[in-house]
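Numbering (the numbering used here), first residue to last: 5 to 112.
Here it is as structure tokens:
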């Protein structure tokens, strides 16, 4: 499956806090992808959100240790059984500190 990643901000070590934004394209709506993402994010101790996109696909924003986010990204690429992940776009950023937990947000 194709994977695109934008340039990351410098200075992020494996354990340093980072922010990850991911757009997942494919058969990922109506198959439990958001619940799958929510469960894994909570288990990994991440904060942020997951939401369906009106145009199709799913958007994920997560904050936590860089190494944990890299593991989370691999989980998102795989998706739950029944999903068909066709493409994953990801970008790294600076932690906003706005999120206290990981949530499922309404469709955007």
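Glycine included, C-beta positions come from ideal geometry on N, C-alpha and C.
| Check | Outcome |
| --- | --- |
| Once DSSP output is grouped into helix, strand and coil, what is the label at residue 78? | helix |
| Smallest Cα separation from residue 36: which of 97, 80 and 65? | 80 |
| Can you give me the Cβ contacts of residue 65 inside the same chain, cut-off strictly under 6 Å, excluding the 5 residues immediately before and after it? | 25, 52 and 53 |
| Going by beta-carbon coordinates alone, are residue 22 and residue 89 separated by less than 9 Å? | no |
| Can you tell me where the alpha helix (DSSP H) with residue 41 in it begins and where it stops? | 37–48 |
| Name, in chain order, the residues that DSSP records as bridge partners for residue 88. | 31 |
| Which of helix, strand or coil does DSSP assign to residue 63? | strand |
| Leaving aside the five residues before and after residue 19 along the sequence, list all residues of the same chain whose C-beta is less than 8 Å from its C-beta, in chain order. | 69, 70 and 71 |
| At which residues does the beta strand (DSSP E) containing residue 99 begin and terminate? | Per DSSP, residue 99 belongs to no beta strand (DSSP E) and is neither H nor E. |
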